[in-house]
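Colleague:
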Amino acid sequence: MGDIIEEIELRELQEERLVYMEEGYEDHEEYIPDVHVEEVPSVPKLDFNYVLVDMGILMDTLSFCQRCSSRDVQIKPQKCMGAAVSKLQQFFEVLQVPHLTERAHFNIVSKRIAPAIEEAFTKMQEDVIRIVVAKGDETGEINVAGDAMYDSPGFSAIVCRYALLCVETGLVVEVEAMRKERNESSKAQEPKALEIALRRLENRVAATGTDVFVGSITTDRDMCVGKMLSEKFSHIEAYYDIWHFVKNLQKALWKKKDYVGMIPVKHWLKPMCNHLYHSISSSFGDGQLATEKFMSFFLHIQGQHRAFNMIEHFHFTTFKKCEHGRLKKRLCSEITGQTKNERVEKKMNGSNKKMNGSNEKMNGSNKKMNGSNKKTNGSNKKNERVNQLIDPGVKKK
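Structure follows, in structure tokens:
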């Protein structure tokens, strides 16, 4: 009974509000029905900004998902690296966490952190040079390889870092970072950084008091680097990296893959580049052997795997047969991407198309002859009409 009374009172209140809105009273005061509402006690304002919370209670709160009400929440701690000091300051200010000023941060870095890193790096480089020189005592020389890395691609790079790597040990023996100056090309940074790094490496190796020296350096096919090495480091033998050489060749061939003359050998481009890389890397510096291994590729694809003698004007002297074992019989689809029946059918379709084309040409010539005959007949009829007009006694044939 009490529920029914409450429902009736609620309906009366709603009707009173509707009547009030329909009459259009322009009273700015908010309409409040005559109903007793309990006042909510106000929360006192806290005078402190930090609260001590038990770690277990805090982790229980954080490990609760408000979306799915699941407790299976994993929190992975991550290190804050690479962030600018100004951004970290803004982050700490939002959280109201005490933090160092930017000036104090850089003072600590310059007076404490940087000297410690420099000391550790110098000690590590001394150990690396000692290991590399000990390895070079076996041959009397050190073979290094180098390449540059920029902070951004293209000609807009500002910072260039050049690294030299010992080929025998795989250890980084020298690193040089250079910043682009005003009115200077980004490409000009690589030979400059290499010159500084190579000079420093030679001085460190000479400081060990041994007879070991830098014998060779392997770089990419950069013309500026090659020119600098030939002018200032002529006593060091320069080589080009295999990967860059094969990559440039593959890129040049891939641009012409859609030419008409390249269509029959299009599927052999990638295997040829792979074989070129294998030929150079497995010859251990023997240029003649590498050349013969690569030229054997053109005999291999024809089914000849031994008794190499001559191909065109090239003679085989040391490499006489393929290095692989006995090959299994493979389907044509593994080589050309088509089965034997598909190849035969394609040839037959091509010959049929040629025959159809010749027949169409013959039909076209016949049509032309018929057209010329029609023209001659028309001209004859015109002549007959003219003769009739001149001599009415002439009969029409």
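Positions -16 to 380 (the working numbering) are the ones given, in order, by the sequence shown. Note that the Cβ used here is the ideal one computed from N, Cα and C, for glycine as well.
1. Decide if Y145 is buried, meaning its Cβ has at least 16 other Cβ atoms within 10 Å, or exposed.
2. I'd like to confirm the pairing. Which residues does DSSP put opposite A146 in its beta bridges?
3. Just tell me which of N257, T122, V208 and S217 has its CA closest to the CA of Y223.
4. Return the CA-CA distance between E185 and V197, expressed in angstroms with no decimal places.
5. Where does V23 fall in DSSP's three states?
6. Which same chain residues end up closer than 6 Å to R162 when comparing Cβ atoms and leaving out the 5 residues on each side of it in sequence?
7. If the criterion is Cβ atoms closer than 7 Å, does the pair E173 and A128 meet it?
8. Are the segment 231 to 251 and the segment 264 to 278 touching, with three or more C-beta to C-beta distances below 8 Å?
9. State the Cα-Cα distance for the pair S93 and E101, rounded to the nearest angstrom.
10. Which partner residues of I284 appear in the DSSP bridge assignment?
11. Within 8 Å, do at least three Cβ pairs link the segment 76 to 88 to the segment 154 to 170?
12. Go ahead and pull the three-state DSSP assignment for A221.
13. Closest to C149 by C-alpha separation, out of L177, I200 and E109, would be which residue?
14. Starting from the C-beta of T202, find all residues in its chain whose C-beta is less than 6 Å away, skip the five residues before and the five after it, and write them out in chain order.
15. Taking the alpha helix (DSSP H) that S388 belongs to, which residues open and close that run?
16. Give every residue of the same chain whose Cβ lies closer than 8 Å to the Cβ of R289, excluding the five residues on either side of it in the sequence, and list them in chain order.
17. Does the distance from the C-beta atom of I225 to that of S264 stay below 7 Å?
18. Is F291 closer than 7 Å to F297 when the C-beta atoms are compared?
19. From what residue to what residue does the beta strand (DSSP E) around G137 run?
20. Quick check on this structure: which residue in E275, F47 and H250 has the alpha carbon closest to the alpha carbon of H261?
21. If you count every other CB in all the chains shown that lies within 10 Å of the CB of A176, and 16 or more means buried, which is it?
22. Which ranges would you report for the alpha helix (DSSP H) in the segment 226 to 280 if only whole runs of at least 4 residues count?
23. Could you tell me if V56 is buried or exposed, where buried requires 16 or more neighbouring beta carbons within 10 angstroms of its beta carbon?
24. What does the Cβ neighbour count give for A97, buried or exposed, with the cut at 16 atoms within 10 Å?
25. On the criterion of 16 or more Cβ atoms from any shown chain inside 10 Å, does M293 qualify as buried, or is it exposed?
26. What residue from V248, D205 and S135 has the CA that sits closest to Q285's CA?
27. Roughly how many angstroms lie between the CA atoms of P81 and F75, to the nearest whole one?
28. For T301, which residues of its own chain have a beta-carbon under 8 Å away from its beta-carbon, when the five flanking residues on both sides are left out?
29. Taking the alpha-carbon of E124 as reference, which of K358, A189, R50 and D37 has the nearest alpha-carbon?
30. Pick out whichever of R204, L236 and E214 has its Cα sitting closest to the Cα of L178.
Modeller: Well, looking at it:
1. For the purposes of this step, residue 145 is identified with residue 162 of the sequence shown, where counting begins at 1. Y145 comes out buried.
2. Residue numbering aside, residue 146 sits at position 163 when the sequence shown is read from its first letter. According to DSSP, A146 bridges with D130 and V158.
3. The residue given as residue 223 occupies position 240 in the sequence shown. Residue V208 holds the alpha-carbon nearest to the alpha-carbon of Y223 among N257, T122, V208 and S217.
4. Stepping through the sequence shown from its first residue, residue 185 is reached at position 202. Stepping through the sequence shown from its first residue, residue 197 is reached at position 214. In this structure, the alpha-carbon of E185 lies about 7 Å from that of V197.
5. Residue mapping note: residue 23 aligns to position 40 of the sequence shown, counting from 1. Because the pLDDT of V23 is 49, which lies under 50, any placement of that residue in the model is unreliable, and the question is left without a value.
6. Along the sequence shown, read from residue 1 onward, the residue named residue 162 stands at position 179. Within the same chain, R162 has close Cβ partners V142.
7. Counted from its first residue, the sequence shown places residue 173 at position 190. Counted from its first residue, the sequence shown places residue 128 at position 145. Going by C-beta atoms, E173 is not nearer than 7 Å to A128.
8. No, the segment 231 to 251 does not touch the segment 264 to 278.
9. On the sequence shown, residue 93 is found 110 positions in, with the first residue counted as 1. On the sequence shown, residue 101 is found 118 positions in, with the first residue counted as 1. Taking the straight line joining both Cα atoms gives about 11 Å.
10. On the sequence shown, position 301 is the one that residue 284 refers to. The partner list for I284 (beta bridge, DSSP) is empty, contrary to what the question assumes.
11. At 8 Å Cβ cutoff, the stretches do not touch.
12. The residue given as residue 221 occupies position 238 in the sequence shown. If DSSP states are grouped into helix, strand and coil, A221 belongs with the strands.
13. Locating residue 149 in the sequence shown gives position 166, counting from the first residue. Nearest neighbour of C149 by Cα position, chosen from L177, I200 and E109, turns out to be I200.
14. Within the sequence shown, the letter at position 219 stands for residue 202. Excluding positions up to five away in sequence, the list reads G129 and V208.
15. Because the chain is modelled from -16 through 380, residue 388 falls outside the range shown and cannot be assessed.
16. In the sequence shown, the residue the question calls residue 289 occupies position 306. So the qualifying residues of the chain are K303, K304 and C305.
17. Here residue 225 corresponds to residue number 242 of the sequence shown, with the count starting at 1. Here residue 264 corresponds to residue number 281 of the sequence shown, with the count starting at 1. Yes, these two residues count as a Cβ contact at 7 Å.
18. Here residue 297 is taken as the residue at index 314 of the sequence shown, counted from 1. Here residue 291 is taken as the residue at index 308 of the sequence shown, counted from 1. For F297 and F291, no; Cβs fall outside 7 Å.
19. Translated into the one-based positions of the sequence shown, residue 137 becomes position 154. First-last for G137: undefined, no H or E at that position.
20. Position 278 of the sequence shown, counting from 1, holds the residue named residue 261. It is E275.
21. On the sequence shown, residue 176 is found 193 positions in, with the first residue counted as 1. Of the residues assessed, A176 falls on the buried side of the cut-off, its CB having 16 or more other CB atoms within 10 angstroms.
22. Listed in chain order, the complete alpha helix (DSSP H) runs (minimum 4 residues) inside the segment 226 to 280 are 252 to 264.
23. By 1-based counting over the sequence shown, the position of residue 56 is 73. Label assigned to V56: exposed.
24. Numbered from 1 along the sequence shown, position 114 holds the residue referred to as residue 97. Residue burial annotation: A97 is exposed, with fewer than 16 other C-beta atoms found within 10 angstroms of its C-beta.
25. To locate residue 293, count along the sequence shown from 1; it is residue 310. By the 10 Å Cβ count, M293 comes out exposed.
26. In the sequence shown, residue 285 corresponds to position 302, counting from 1. Of the listed residues, the one whose Cα sits closest to Q285 is V248.
27. Position 98 of the sequence shown holds residue 81. Position 92 of the sequence shown holds residue 75. Taking the Cα positions, P81 is about 7 Å away from F75.
28. One-based indexing of the sequence shown puts residue 301 at position 318. Within the same chain, and ignoring the five residues on either side of T301 in sequence, the residues whose Cβ sits closer than 8 Å to its Cβ are Q271, L272 and E275.
29. On the sequence shown, residue 124 is found 141 positions in, with the first residue counted as 1. When each option's Cα is compared against that of E124, the closest is A189.
30. To locate residue 178, count along the sequence shown from 1; it is residue 195. According to the sequence provided, residue 178 is Glu. The question's Leu does not apply to it. If we check each option's Cα against that of E178, E214 comes out closest.
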